[in-house]
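Quick note, the sequences are listed as chains L, G, R and C, same order.
1 is the number of the first residue of the first sequence in UniProt numbering; add one for each residue after it.
1 is the number of the first residue of the second sequence in UniProt numbering; add one for each residue after it.
1 is the number of the first residue of the third sequence in UniProt numbering; add one for each residue after it.
1 is the number of the first residue of the fourth sequence in UniProt numbering; add one for each residue after it.
Report on one structure; see the data block that follows.
Protein chains: 4
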Amino acid sequence: MIRESIIKDAALAPEGHRKIEWVAQHAPVLRAIAERRLSDGSLRGRRVAMTIHLEAKTAYLAVLLREAGAEVTVSGSNPLSTQDAVCAALVERGVRVFATHDPTPEEFEGYLMRTIETAPEIVIDDGAELVSRMVLHRPELLQSVVGASEETTTGVIKLRAMDEEGVLPFPVLAANDARMKHLFDNRYGTGHSSIASIVSNTNLFLSGKVVVVMGFGWVGRGLARYADGMGARVVVCEPDPVKLIEAHAEGYEVMNSLRAAEVGDVFVTGTGNLKVLGAEHFERMKDGAILANAGHYDHEFDLAALREMAVSEREARANITEYELPDGRRLHVLAQGRLVNIAAADGHPVEIMDLTFAVQALCAHHLANHAASMRPGLQPVPREIDELVARIKLDTMGVEPERLTEEQLRYLRSWR
Amino acid sequence: MIRESIIKDAALAPEGHRKIEWVAQHAPVLRAIAERRLSDGSLRGRRVAMTIHLEAKTAYLAVLLREAGAEVTVSGSNPLSTQDAVCAALVERGVRVFATHDPTPEEFEGYLMRTIETAPEIVIDDGAELVSRMVLHRPELLQSVVGASEETTTGVIKLRAMDEEGVLPFPVLAANDARMKHLFDNRYGTGHSSIASIVSNTNLFLSGKVVVVMGFGWVGRGLARYADGMGARVVVCEPDPVKLIEAHAEGYEVMNSLRAAEVGDVFVTGTGNLKVLGAEHFERMKDGAILANAGHYDHEFDLAALREMAVSEREARANITEYELPDGRRLHVLAQGRLVNIAAADGHPVEIMDLTFAVQALCAHHLANHAASMRPGLQPVPREIDELVARIKLDTMGVEPERLTEEQLRYLRSWR
Amino acid sequence: MIRESIIKDAALAPEGHRKIEWVAQHAPVLRAIAERRLSDGSLRGRRVAMTIHLEAKTAYLAVLLREAGAEVTVSGSNPLSTQDAVCAALVERGVRVFATHDPTPEEFEGYLMRTIETAPEIVIDDGAELVSRMVLHRPELLQSVVGASEETTTGVIKLRAMDEEGVLPFPVLAANDARMKHLFDNRYGTGHSSIASIVSNTNLFLSGKVVVVMGFGWVGRGLARYADGMGARVVVCEPDPVKLIEAHAEGYEVMNSLRAAEVGDVFVTGTGNLKVLGAEHFERMKDGAILANAGHYDHEFDLAALREMAVSEREARANITEYELPDGRRLHVLAQGRLVNIAAADGHPVEIMDLTFAVQALCAHHLANHAASMRPGLQPVPREIDELVARIKLDTMGVEPERLTEEQLRYLRSWR
Amino acid sequence: MIRESIIKDAALAPEGHRKIEWVAQHAPVLRAIAERRLSDGSLRGRRVAMTIHLEAKTAYLAVLLREAGAEVTVSGSNPLSTQDAVCAALVERGVRVFATHDPTPEEFEGYLMRTIETAPEIVIDDGAELVSRMVLHRPELLQSVVGASEETTTGVIKLRAMDEEGVLPFPVLAANDARMKHLFDNRYGTGHSSIASIVSNTNLFLSGKVVVVMGFGWVGRGLARYADGMGARVVVCEPDPVKLIEAHAEGYEVMNSLRAAEVGDVFVTGTGNLKVLGAEHFERMKDGAILANAGHYDHEFDLAALREMAVSEREARANITEYELPDGRRLHVLAQGRLVNIAAADGHPVEIMDLTFAVQALCAHHLANHAASMRPGLQPVPREIDELVARIKLDTMGVEPERLTEEQLRYLRSWR
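This is the structure we're talking about:
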């Protein structure tokens with residue numbers, strides 16, 4: 001059953017090592033956690049499966065889990081985000097890898113299934129890709145799992161639905177919902193890297209452009225904040241009326257997406273939903289409009305509809321597909337509608353993933369030690385994990401938070 | 001038992017009417033709620049007591065409740081925030097008022113007690129001033145109360161402690177925690193008006209100054225945002241390590257307050273706690289430092305300690321007290337440490353209070369209709385109230401939120 | 001010929017002294033220049049006439065010139081900006097004053113003429129009010145003038161026209177054009193104080209509002225910057241196409257004022273021109289639109305046209321006049337169209353005027369010493385004055401600029 | 001004498017064409033000028049030499065000049081900024097090219113000399129590379145030149161020194177100093193692309209980092225603005241005291257570079273000078289500090305000193321060289337100290353270069369028609385060129401600037 005790694009080219013390892021080393025230099029929190037917590041032996045010999053974007057930051061987490069004694073298997077969570085050099089380096093560092101860049105759908109599926117078939121005890125999941133496949137296709141493997149943790153908003157939404165159906169026989173930690181994860185990764189990390197990726201890939205000037213942000217959740221807020229920072233005029237579209245008024249109070253223009261379609265120069269989606277930009281939007285867009293997705297899947301644009309409308313499709317520039325419409329307008333889709341920051345750039349900033357993977361490492365450690373006494377189903381990350389990650393981060397910054405006095409604590413509890 | 005109003009000067013009414021009329025022009029949400037909901041008769045003849053800062057926005061809420069048929073009694077929640085002209089106008093509009101600007105502590109206490117003694121059925125409270133006095137001093141009046149709602153974070157913290165002690169015999173809605181309240185009022189409203197008040201009262205240039213924000217809750221975020229907007233360099237001090245890292249990611253400098261004391265030009269508190277700036281801070285501050293409070297009470301600075309340290313105290317400018325220390329440094333305290341936006345200016349922006357009081361009006365209406373079937377104790381504002389306020393606000397802006405399709409709703413619920 | 005001061009009420013002096021003392025605490029640059037330069041006796045016994053907004057900052061300059069031995073006469077440059085308490089304090093400090101708040105046009109004119117009739121040797125002018133009156137009405141007094149300096153863009157434009165006509169028989173320094181003046185006073189000073197004044201006087205929420213800035217010179221840039229900082233969406237209208245594209249690159253929306261009239265919530269003018277908002281704009285404005293002027297004169301709105309269009313006019317709030325149009329729309333004009341930051345607030349920030357008046361004090365000192373050897377007509381402020389003011393300012397901040405090495409200086413001069 | 005092109009690989013042309021086509025789509029101003037002006041035949045048969053960064057935007061200018069009938073020869077202005085694919089495409093479009101990516105110094109020099117040897121009539125220069133070589137090494141070729149235009153601040157400084165020495169026998173237009181050039185290219189273009197390049201090449205998180213900007217000229221302002229926009233805390237170092245106070249008023253921290261060296265996380269230079277960061281800075285820097293140059297040459301860091309101090313040097317990541325110091329600290333230099341936006345990314349945004357090259361195209365056109373009647377030496381670009389570029393840009397944006405009335409024009413000229 002134990003299979004050999006599948007990667008593109010072992011010779012790429014040196015570049016992969018260099019990238020991982022760069023991450024190691026900028027990930028002091030994760031390193032501290034490896035030293036202080038993972039080193040206690042509780043992960044020794046445990047089978048860990050990870051399915052996250054396979055680039056250098058993920059790799060560094062895998063390496064540290066491996067160094068803590070775990071048997072680690074990884075596969076990519078997105079066909080375009082896998083970096084072959086990093087995979088090659090991982091194999092040299094003792095991690096089993098099933099991943100290549102831009103595989104066929106069948107290959108991609110095969111990598112995930114092979115990962116499952118290692119019968120993991122601890123699953124670090126992304127979009128519930130591994131857990132949902134186990135439940136649907138390999139229920140017999142569920143019994144070996146002691147617990148899982150989930151990286152994304154999309155995955156947590158799915159797992160909540162699964163939990164309500166009662167199909168989760170083990171505890172699943174909603175790592176995404178830890179404050180030290182989503183407040184930084186989803187908000188600042190996605191926005192920072194997605195806006196920079198749009199600038200780099202298009203070589204266009206964002207200042208003065210109208211950037212339409214679809215969705216004003218954590219991801220949308222970050223997108224709006226950095227688009228604004230680069231000088232864009234931001235328009236926000238969102239179904240939740242309260243969030244829409246928040247966007248307005250931030251100074252963004254708010255409107256329905258059918259109107260936004262007419263005025264936008266760049267459209268960025270971050271909703272976690274599907275077809276948030278469809279035929280009725282494409283019909284209204286200006287010639288030259290740029291479309292980029294920063295949500296989870298490549299469903300946020302209705303690309304099927306766009307292809308049907310288009311009279312031609314060509315690569316206009318690396319990572320940019322141009323669709324020409326019958327009336328001559330050209331729409332430019334970045335990274336084929338996949339995550340623009342990770343399919344067309346190096347993903348989230350290192351320091352952000354340092355926090356996220358510190359949470360994940362502690363989740364794996366927690367599951368290894370406490371899963372037996374935890375109830376099955378989706379549950380929040382223990383507060384101590386958030387607290388510990390935050391305190392270590394502040395230590396690395398040399399900053400001391402305020403300390404409440406006894407008098408102050410008493411005051412906060414009193415009402416008389 | 002029913003007493004006459006106590007105000008400073010009935011002749012000031014015309015100015016008060018003018019201020020209330022200005023509010024009415026800029027409060028379309030509250031007006032719409034009065035028309036659509038309050039007009040159904042459910043408040044007719046009900047005794048309503050309100051203790052909120054007595055200026056024109058509060059007055060407009062009182063007027064609308066009165067027009068809906070309630071018997072309304074109001075008193076001020078803060079000695080310096082009461083505007084005598086507004087009180088005079090309220091009396092002419094049929095509201096009973098117990099309030100004067102800058103009363104003695106005994107007078108202030110008397111106003112609150114008189115308000116309680118009207119045996120209110122519905123209490124709109126601020127800092128739990130009325131409810132806590134009833135519980136402590138007039139328990140016999142509690143039975144006439146059908147329910148209350150609470151305006152502030154400070155009040156909700158107190159009421160939670162009371163609830164845990166089991167002393168709340170009626171339902172209390174945490175109006176502060178409604179999204180349409182705290183996301184706007186606590187965040188944008190306090191920051192916007194406090195920073196503007198500091199600028200207006202000092203006539204100083206905020207750009208390039210180091211503004212130290214104590215506390216990074218909703219209030220602190222707003223203070224930081226607008227201080228930054230006026231060109232200040234913002235330093236944040238905060239006990240919660242996660243919030244401190246959020247402040248860092250926003251681009252603010254974070255440090256312990258003992259170090260901040262040395263570098264700050266302006267200090268603004270918004271913690272809800274007491275003595276967050278004390279002797280050890282005053283010792284380190286630069287000559288000319290400005291201290292302003294945007295929290296609930298005038299406890300955030302340890303003014304007793306400052307007075308003890310000072311060799312002299314004088315009014316340096318309207319609303320600014322100068323304390324000279326033995327080494328010649330001068331510290332400038334705004335508004336005697338009371339809320340700088342309301343004791344030294346006109347308080348929150350009208351449009352913000354339009355949202356807050358829309359929530360409060362609907363809370364009063366909800367209690368009038370449903371209190372009997374609600375459990376006693378502190379509880380959240382019903383979601384429909386938030387939703388309704390948000391939708392009416394968007395209507396006034398002419399904005400339509402996105403509408404999810406059936407396919408999208410199904411997608412969000414599916415995991416297969 | 002020497003006349004007594006004309007002020008409103010000598011009893012107001014204590015408040016005036018307090019305001020001047022506050023300025024003195026926050027004007028270290030001007031103080032240093034008084035100590036290091038003005039104290040050399042060159043101003044002793046010289047007749048100096050100043051016509052600038054008569055509030056505490058101007059007063060402090062007048063006091064320092066008086067302390068340096070000059071015979072100082074002051075009058076106000078704007079009917080609404082004179083503060084009577086400050087005038088009373090000035091008289092007690094030995095300065096001759098011809099100014100009262102809100103005089104009749106005849107009184108205002110009389111004050112200026114009395115100031116001229118002191119036969120000043122050095123004129124510190126604002127809008128060329130004194131110099132133009134001398135040229136037009138009292139040419140015989142020109143011969144006693146050794147030189148003048150001019151505070152404003154408007155005045156420099158006028159004086160350039162006068163210079164081209166050859167009617168300036170003495171040197172006039174364009175103090176406004178000194179870098180340490182216009183880069184700070186016109187840009188940051190006007191914007192900072194005007195936006196804060198709009199917020200304070202209206203009690204409205206600027207975030208999310210559309211603020212239309214008329215003119216994108218130094219004043220317009222500052223207005224846009226601080227409106228943006230308070231969360232507004234900024235629209236810029238401007239005749240110079242290059243400046244308009246600069247505004248666009250800053251992320252502001254740019255459009256013609258006829259379209260802007262339809263979308264703006266607040267209009268702020270800073271053009272130095274007349275009737276930049278007229279009947280065709282008023283016709284298009286939304287109900288409730290706010291109009292504020294931050295330019296030099298009260299000509300920027302065509303108020304005569306507005307009064308003609310209106311069916312009623314009333315004071316809606318202190319400093320706010322409401323004009324109701326036949327279709328029911330209400331337009332709100334702040335400070336009767338006069339400078340909103342100075343007619344409805346305390347004017348520019350103290351630290352900004354510290355720089356401006358440091359320039360002015362050095363201009364007066366320069367004229368006292370060198371006017372005889374200067375050519376007549378408009379001319380730039382000597383570079384050393386700018387340099388000295390900047391270096392003293394950096395000293396007060398404890399900051400040392402980079403020092404170029406010999407190698408670097410050589411490199412900048414070489415081309416081989 | 002006429003030589004064949006020298007490029008790396010003709011087979012790369014398709015990618016080059018694609019990049020040029022992308023530029024063409026986003027350069028409406030340059031296209032309009034080609035249609036309206038260049039098409040008049042005045043460039044037909046004229047020999048034009050260009051030395052500018054050889055990527056797609058420059059290429060598009062070369063193509064348009066070629067299409068207007070000129071004989072165009074191009075070479076690169078920087079060894080690392082030449083893109084081989086673009087060169088290949090240019091050759092196919094009829095432009096003579098002497099350029100390869102990363103040539104030896106001898107090759108690079110040879111390309112420039114070959115360009116000169118085409119005996120150009122019109123020179124579009126960058127850093128005065130061509131003109132200075134002609135003057136120094138090939139004076140006999142000067143007589144064929146009718147005029148030149150210069151792209152950069154650095155070049156203008158050099159040419160001014162040359163002009164003062166009297167060695168410029170033909171007119172040279174300071175294209176850099178045109179408002180439509182430096183206000184956009186130097187300020188927004190460099191900052192936007194340099195900050196994005198730093199983010200993309202390092203994969204680090206700029207928010208919360210201290211970014212030290214060396215120099216507060218146009219380039220420094222743009223760097224500071226976009227670093228701030230990405231959430232960094234900006235520190236500015238600058239020799240001019242006035243500019244330093246401007247930086248302070250913008251809300252940036254200002255300090256001497258020796259102190260900045262200790263607190264900076266990222267250092268970006270934009271001074272046009274040499275050795276602005278040297279041994280005394282490297283000694284103070286934190287482990288992991290990032291150094292990027294956005295000035296003209298790779299002289300802004302004293303790399304020789306750094307190499308001497310370092311115990312090792314290695315490639316830490318693509319475009320990042322790591323220098324390890326004896327005490328273990330590692331400094332990371334981007335793009336070998338060359339222009340970070342163009343040696344490690346695609347250079348300025350297309351829309352910005354659309355403006356710059358519109359100016360350059362009109363300069364070439366102007367020289368072709370009017371050089372004979374122009375005085376020799378450095379001179380400003382005619383105002384009409386700025387005006388025309390700005391008006392065409394506004395046309396493409398659909399924006400109409402304000403139009404002054406007769407009354408307004410008269411008012412601005414009057415002083416009575």
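Yeah, the Cβ is synthetic: ideal placement off N, Cα and C, and Gly gets one too.
Taken atom to atom, the span from the alpha-carbon of Ala227 (chain C) to that of Val242 (chain L) is near 31 Å. Nothing from the region 266-297 of chain L brings a Cβ to less than 9 Å from some Cβ of chain R.
Within the region 191-203 of chain L, contact with chain C at the beta-carbon level (separation under 7 Å) is assigned to His192, Ala196, Val199, Ser200, Asn203. For Pro171 (chain G), the secondary structure class from DSSP, reduced to helix, strand or coil, is strand. For Phe301 (chain C), the pairing in a beta bridge is given by DSSP as C:Leu277. At least 9 Å separates the CB of Glu151 (chain C) from every CB of chain G. Here Arg179 (chain R) really is in contact with Asp386 (chain R); their C-beta atoms are around 5 Å apart, less than 8 Å. Within the region 25-36 of chain R, not one residue has a Cβ closer than 7 Å to any Cβ of chain C. Three or more beta-carbon pairs drawn from the region 284-300 of chain G and the region 265-276 of chain G are found closer than 8 Å, and the two stretches are therefore classed as touching. Approximately 4 Å separates the beta-carbon atoms of Leu334 (chain L) and Ala292 (chain L); this is inside 8 Å, confirming the contact.
Sequence-ordered contacts of the region 210-240 of chain R with chain L read Asp228, Gly231, Ala232, Arg233 [C-beta pairs closer than 8 Å].
A residue is called buried once 16 or more other Cβ atoms fall within 10 Å of its Cβ, and Glu315 (chain L), having fewer, is exposed.
Between Ile157 (chain L) and chain C, the shortest Cβ-Cβ separation is not below 9 Å.
Within the model, the alpha-carbon separation for Met162 (chain G) versus Trp415 (chain L) is close to 7 Å.
Separation of the CB atoms of Ile116 (chain G) and Arg138 (chain G) is rounded to 6 Å, and the pair is thereby assigned contact status at 8 Å. Not one beta carbon of chain R lies nearer than 9 Å to the beta carbon of Glu262 (chain L). The three-state reading of DSSP puts Thr82 (chain R) in coil, since its state is none of H, G, I, E or B. Rounded to the nearest whole angstrom, the C-alpha separation of Glu322 (chain G) and Gly347 (chain R) is 22 Å. Thr152 (chain G) sits buried, since 16 or more C-beta atoms from the chains shown fall within 10 Å of its C-beta.
Secondary structure in the region 333-407 of chain R: the beta strand (DSSP E) runs of 3 residues or longer, each lying completely within the stretch, are 377-379 in chain order. Taking a 10 Å sphere around the C-beta of Glu55 (chain R), we find 16 or more other C-beta atoms and assign the residue as buried.
For Ser75 (chain G), the uninterrupted beta strand (DSSP E) run begins and ends at 71-75, by DSSP.
A direct Cα-Cα distance of roughly 12 Å separates Glu238 (chain R) from Tyr252 (chain R). Look at Leu54 (chain R) here: in three-state DSSP terms it is coil, with no helix or strand label.
Between the C-alpha atoms of His370 (chain C) and Leu362 (chain C) there is a straight-line separation of about 12 Å. Here DSSP, grouped into helix, strand and coil, assigns Ile7 (chain R) to coil. A Cβ-Cβ separation of about 6 Å places Val146 (chain G) in contact with Ile122 (chain G) under the 8 Å criterion. For Gly208 (chain L), the residues of chain R that pass the 7 Å Cβ criterion are His248, Ala249, Gly251, in the order they occur in the chain. When secondary structure is reduced to three states using DSSP, Tyr226 (chain R) falls in the helix class.
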